[in-house]
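Q: Anchor point for the sequence shown: position 33 equals 33 in UniProt numbering, and the numbering is continuous, going up by one each time. Please read through the structure below; I'll follow up with questions.
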Amino acid sequence: MSEQLATLTPQRNPSGLSLRRVSKAFGAVQVIHDVDLEIEGGEFVVFVGPSGCGKSTLLRLIAGLEEVTSGDVMIAGTDVTDEDPSDRGIAMVFQTYALYPHMSVEQNMGFGLKVAGRSKAEVESKVRHAAEILKLTDYLDRRPGQLSGGQRQRVAIGRAIVRDPEIFLFDEPLSNLDAELRVGMRIEIARLHRELGNTMIYVTHDQTEAMTLADKIVVLRDGYIEQVGSPAALYDDPDNVFVGGFIGSPK
Ligand code: ADP
Ligand code: MG
1 MSEQLATLTP QRNPSGLSLR RVSKAFGAVQ VIHDVDLEIE GGEFVVFVGP
51 SGCGKSTLLR LIAGLEEVTS GDVMIAGTDV TDEDPSDRGI AMVFQTYALY
101 PHMSVEQNMG FGLKVAGRSK AEVESKVRHA AEILKLTDYL DRRPGQLSGG
151 QRQRVAIGRA IVRDPEIFLF DEPLSNLDAE LRVGMRIEIA RLHRELGNTM
201 IYVTHDQTEA MTLADKIVVL RDGYIEQVGS PAALYDDPDN VFVGGFIGSP
251 K
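This is how it looks when you write it as structure tokens:
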């Protein structure tokens, strides 16, 4: 363990998650079809699939940012289908970072906690801690416009970390970064998962990210799950040509 992370308390018993016949329609158009999925506590799960197949929608249903049309979302064995996003123990990191341009890095990271009524001392200590983990300590006074793309993405991740979520959701967090930065951030995210021990669900259409980060890959197509398995299992034994093609398997 790096010294920087020595003070982190890894999740001892991270929450798992299950989806039971989850469907979602927007108007007459059904975009998620009867999805059943079991995610163990502490697993790193990657959703892959073509653009428009429902990856973001599925994350938003898990987070509670969209309501399911039918089915149940269970977190740590509890049905949270009707619970507000803020009560689900989930933090989501978006592709677009969604930072407040007029606020400093420190304010951006602490804003959610402040709004939730946490004390100034608690907000400060959580933000400092997250900044250390993410190597942002020297940038706390800067505004997002004065940061590189990689640093902005770190701030977005920091904003999730300060909330001590049980489950992290990442929606293509690195797709706006150039290739070199992407590799660096990918390694950082893998390290975060190792050190924090949380359940993480990560959407990408980058094959390398999927293969290197995932304990388990979920391949989606048109709102259905095509196959679920470890990177090695999907690579060695894809159920069909679609999965094989997506994973880059020679089969
Ligand atoms: P992905 O993230 O895999 O690219 P999305 O989950 O964003 O896919 O979208 C899945 C499908 O749902 C797409 O056909 C998209 O157009 C549709 N969709 C997503 N959000 C909405 C919405 N708020 N209203 C209507 N249709 C939507
Ligand atoms: Mg998406």
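Glycine included, each C-beta is placed from N, C-alpha and C at the ideal position.
Considering just the uninterrupted stretch of the alpha helix (DSSP H) at Gln151, what are its terminal residues?
A: It spans 149 to 161 - the alpha helix (DSSP H) in which Gln151 sits, taken as one unbroken run.
Q: Report the rounded CA-to-CA distance for Ala71 versus Arg159, giving the unit in angstroms.
A: Per the sequence shown, residue 71 should be read as Gly rather than Ala. Each residue's Cα considered, the two are about 30 Å apart.
Q: Alpha carbon to alpha carbon, how far is Gln227 from Met103?
A: Computed Cα separation, rounded: 43 Å.
Q: On the DSSP bridge assignment, give the partners of Met103 in chain order.
A: Looking at the DSSP assignment, Met103 forms no beta bridge with any residue, so it has no partner.
Q: Kindly identify the DSSP beta-bridge partner or partners of Gly110.
A: Gly110 pairs with nothing; no bridge assigned.
Q: Assuming Ile201 contacts Ile167 under a Cβ cut-off of 8 Å, what Cβ separation, rounded to an integer in Å, is found between them?
A: Their Cβ separation, rounded to whole angstroms, is 7 Å, which keeps Ile201 and Ile167 in contact under 8 Å.
Q: Is it the case that the CB of Val48 approaches a heavy atom of the ligand ADP more closely than 7 Å?
A: Outside the cutoff, so no.
Q: With a threshold of 6 Å on Cβ separation, who are the neighbours of Ala6 within its own chain once the five nearest residues in sequence on each side are excluded?
A: Unreliable positioning characterises Ala6 in this predicted model, as indicated by a pLDDT of 40, which lies under 50. A coordinate reading is not provided.
Q: Measuring alpha carbon to alpha carbon, tell me which residue in Pro231, Arg191, Leu174, Leu234 is nearest Thr96.
A: Taking only the C-alpha atoms, the option nearest Thr96 is Leu174.
Q: By Cβ distance, which residues of its chain are closer than 7 Å to Thr81, with the 5 residues on each side in sequence left out?
A: Here the set comprises Val68, Asp72, Val73.
Q: With a Cβ-Cβ cutoff of 8 Å, do Gly206 and Ser230 count as a contact?
A: According to the sequence shown, residue 206 is Asp rather than Gly. No; because the gap between Cβ atoms is not below 8 Å, this pair is not in contact.
Q: For Asp239, does the three-state DSSP call read helix, strand or coil?
A: Coil at Asp239, not helix or strand.
Q: Give me the pocket residues for the ligand ADP, defined as CB within less than 5 Å of any heavy atom, sorted by chain position.
A: Selection output, chain order preserved: Phe26, Val31, Ser51, Gly52, Cys53, Gly54, Lys55, Ser56, Thr57.
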